[in-house]
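Residue numbers (the numbering used here): 30 to 292.
Below is one structure; the comments refer to it alone.
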């Protein structure tokens, strides 16, 4: 009887997902963007002139000169665990967004996943996975729009596109459960805050106009978070809302969306 149970268990077990398959899925889920071609504008207007916070001003134009790819989804828990060896998330699920890691740990993940993907020739040797700059993030979140959200100005439509404090209770969702933005990116409004590469500055005075990470001046011990989370109200899930967090912050509402680009 014991042997029969073992056989049944073995026959019913699902095959494991290999690290290579996880890495390949991760690579295949990037959305390639070439600013200035097709539906991708060469510039983005960052910030918000009416409403919003002082940190979202002054509104300003930023030009993106180089192509890049941005992940369709936030980094999932099964990928993080495969790369880093453990899963720090509070809310478990293999295809749920990974959360509860610091800025430096997010950077470490990017370095390690780059090394792994290069080693199995999933990316070129001159490509790397990294955090998005704040300008890249807002450019991708807006997806060519100038409205408060990528789907318009009406927060009543937010339930269709994102997890926030009004609809997240009792849910433990996988990535991509809500509608994407016009460029096919999911969970840009809500689910988890997303680390960006930039140091925190209280406003946009003197910010770069070329979409590079803004790491001169400001507060290097705090970093930019974007997108809002399941803990936040709709006004914090806009395309322009910014938040500062200590680099050491580990929170079950903070995660990561990666960029793939040339060095």
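Glycine is no exception: its CB is placed at the ideal position from the N, C-alpha and C atoms.
*asked:* Only counting the same chain, and skipping five residues up and downstream in sequence, which positions put a Cβ closer than 6 Å to that of residue 64?
replied: Cβ neighbours of residue 64 beyond the five flanking positions: 71, 93.
*Mind checking which residues open and close the beta strand (DSSP E) that includes residue 72?*
Going by DSSP, residue 72 is part of the beta strand (DSSP E) stretching over 72-75.
*Going straight from the alpha carbon of residue 226 to that of residue 199, what length do you get?*
Looking at the backbone, the Cα of residue 226 and that of residue 199 are separated by about 32 Å.
*Which stretch, first to last residue, makes up the alpha helix (DSSP H) that contains residue 204?*
Here residue 204 belongs to no alpha helix (DSSP H), and DSSP marks it neither H nor E.
*In the DSSP assignment, find the alpha helix (DSSP H) that holds residue 142 and state where it starts and stops.*
Element bounds for residue 142: 132-148.
*Span separating the alpha-carbon of residue 88 from that of residue 180*: Cα-Cα distance, rounded: 20 Å.
*asked:* I need the DSSP call for residue 254, collapsed to helix, strand or coil.
replied: Residue 254 falls in the strand class under three-state DSSP.
*For the beta strand (DSSP E) that contains residue 51, what are its first and last residues?*
Per DSSP, residue 51 belongs to no beta strand (DSSP E); it is in the alpha helix (DSSP H), 48-57.
*So what does residue 232 bridge to, in DSSP terms?*
The partner list for residue 232 (beta bridge, DSSP) is empty, contrary to what the question assumes.
*Per the contact definition of three or more C-beta pairs closer than 8 Å, is the region 248-267 in contact with the region 211-228?*
Below 8 Å, enough C-beta pairs join the region 211-228 and the region 248-267 to call them touching: three or more.
_Cβ neighbour criterion (16 or more within 10 Å) applied to residue 90_ = Residue 90 should be labelled exposed.
*Between the C-alpha atoms of residue 241 and residue 164, what's the straight-line distance to the nearest angstrom?*
When the Cα atoms are used, residue 241 and residue 164 turn out to be separated by approximately 7 Å.
*Please state if the CB of residue 279 and the CB of residue 253 are separated by a distance shorter than 8 Å.*
Their beta carbons are not under 8 Å apart, which means residue 253 does not touch residue 279 by this criterion.
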